[in-house]
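Just so you know, the sequences run in chain order B and S. Heads up: the first sequence begins at -2 in this note's numbering, then just goes up one per residue. Heads up: the second sequence begins at -2 in this note's numbering, then just goes up one per residue. Yeah, the Cβ is synthetic: ideal placement off N, Cα and C, and Gly gets one too. On a predicted model such as this, the values are computed, not experimentally measured, just so you know.
Number of protein chains: 2
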Amino acid sequence: MLGRTYDAQNCSAARTLEIVGERWSLLIIRDALFRGMSRYSQFERSLGIAPNILASRLARFVEAGLMKMSPVSEESEVSEYLLTEMGKELGAVVVALTAWGDRWAAPKGAPVIYEHLGCGGTVSPVIKCRACSRELKSEDLVVRPGPGTRQKSPMVN
Amino acid sequence: MLGRTYDAQNCSAARTLEIVGERWSLLIIRDALFRGMSRYSQFERSLGIAPNILASRLARFVEAGLMKMSPVSEESEVSEYLLTEMGKELGAVVVALTAWGDRWAAPKGAPVIYEHLGCGGTVSPVIKCRACSRELKSEDLVVRPGPGTRQKSPMVN
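Here's what the structure looks like:
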């Protein structure tokens, strides 16, 4: 019932949450993206997640195209889980979540700092206008129907 | 059990997901931020969400400081739910989720377009280096311990 109701939300944020909205999912992606993890045992140790949940999340990522399985070496039967381009592009989501949490839910200060590998600068998520290059706040944005809007419903987003 | 395990994750992304990770939560925030909604009845109509779930989410937002309740007018007993600064700053998370979904989970094209109110340009989420102003990809980032890192665990993030 819940799932079907979500399906009715013609919204890319809702669809993304459909794929990675469960919290463990984004934590697995975070570890793969920014902590160099690729093996089942690494995720298990890092997250303390129940084996059946971890296995089902990884299988779902492979099925959805976020990760692909690959043997660790030619001789090995152990596989690792490597992020695809689709998976790697979730970096902006993880960085945006982290920045918000650093500001509003980290009373002892940021647990980790994301740095630019090239110059050592700290990084921030920014909403940028592609036309005028300004950095925008939420109140600077308006929403208009895109090409994927359904015509029949007046409340689509 | 699950909750306690999450608590062990000293990570701002995990803490943010603790507050708004449940999918309905971010859809409510989206409607408040970008569709001008503030009343219980508006969220209910927009999302088709069960009344008890919607009521508990809104109450949780007020408790967490993401929203505040305010009477619609001096004479009215009806309240509206207004985003605080803390809530408004989730805009970058919603835009990042939407951009990813537009690219990877919207076969018919983006359901909505976010535009810059000032100039009509389309917007993108960007990870920006605060030192050199470059726009970065996930692979351009490294993670180092921040001030809120616990010392005792070798695997904190």
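| Query | Result |
| --- | --- |
| One or two residues paired with residue 119(B) in a DSSP bridge | 112(B) |
| 7 Å CB neighbourhood of residue 24(B) in its chain, flanking five on each side removed | 44 |
| Cα-Cα separation, residue 74(S) to residue 66(S) | 11 Å |
| For residue 114(B) and residue 139(S), believed in contact at Cβ under 8 Å, the rounded distance | 5 Å |
| Cβ shell of residue 85(S) (< 8 Å), same chain only, five flanking positions each side left out | 30 |
| 8 Å contact criterion, which residue 48(B) and residue 89(B) should meet: CB distance rounded | With 8 Å as the limit, residue 48(B) and residue 89(B) do not qualify as a contact, their Cβ atoms being about 30 Å apart. |
| Reference residue 92(B); option with closest CA among 79(B), 116(B) and 111(B) | 111(B) |
| Neighbouring residues, chain D, relative to residue 58(B) (Cβ below 8 Å) | No chain D is part of this structure, whose protein chains are labelled B and S. |
| Chain B contacts made by the region 95 to 110 of chain S, where a contact means CB separation under 9 Å | 95, 96, 97, 98, 99, 100, 101, 102, 103, 104, 105, 106, 107, 108, 109 and 110 |
| Chain-ordered neighbours of residue 40(S) on chain B, where CB pairs are closer than 8 Å | Per Cβ cutoff of 8 Å: no residues; residue 40(S) is ~11 Å from chain B at best. |
| Residue-chain proximity (residue 114(S), chain B), Cβ-Cβ < 8 Å | yes |
| Residue 10(B), buried or exposed, once every other Cβ within 10 Å from all chains shown has been counted against 16 | buried |
| Closer than 7 Å: residue 114(B) CB and nearest the ligand NAP heavy atom | The ligand NAP is not among the ligands present in this structure, which contains no ligands whatsoever. |
| Cross-chain neighbours of residue 49(S) in chain B, by beta carbon under 7 Å | What residue 49(S) touches in chain B: nothing, since even the nearest Cβ is about 13 Å away. |
| Segment contact flag, the region 95 to 108 of chain S with the region 123 to 139 of chain S, C-beta cutoff 8 Å, min 3 pairs | no |
| Minimum length 3: unbroken beta strand (DSSP E) runs contained in the region 20 to 97 of chain S | 64 to 68 and 76 to 80 |
| Residue 52(S), buried or exposed, once every other Cβ within 10 Å from all chains shown has been counted against 16 | exposed |
| Alpha helix (DSSP H) segment containing residue 12(S), residue limits | 9 to 17 |
| Amino acids of chain B, ordered along the chain, whose beta-carbon sits closer than 7 Å to that of residue 125(S) | 120, 121 and 123 |
| DSSP bridge partner residues for residue 142(B) (one or two, in chain order) | 109(S) |
| Residues near residue 0(S) in its chain [Cβ-Cβ closer than 7 Å; skip 5 each side] | With a pLDDT of 44 at residue 0(S), under the threshold of 50, the predicted position of this residue should be treated as unreliable, though the coordinate-derived value follows. Within the same chain, residue 0(S) has no close Cβ partners at all. |
| For residue 132(B), the residue or residues it bridges with in DSSP | 125(B) |
| Beta-carbon spacing of residue 22(S), residue 54(S) below 8 Å | yes |
| Member of 87(B), 146(B), 142(B) and 94(B) whose CA lies at the smallest distance from the CA of residue 134(S) | 87(B) |
| Straight-line Cα distance separating residue 40(S) from residue 46(S) | 8 Å |
| Residues within the region 60 to 92 of chain S neighbouring chain B, beta-carbon criterion of under 7 Å | 83, 85, 86, 87, 88, 89, 90, 91 and 92 |
| Within-8 Å CB hit, residue 25(S) to chain B | no |
| Beta-carbon contacts of residue 62(B) that lie in its chain and below 7 Å, excluding the five residues immediately before and after | 81 and 83 |
| Interface residues of chain B facing residue 36(S) [CB-CB closer than 9 Å] | Chain B residues near residue 36(S): none, gap ~14 Å exceeds 9 Å. |
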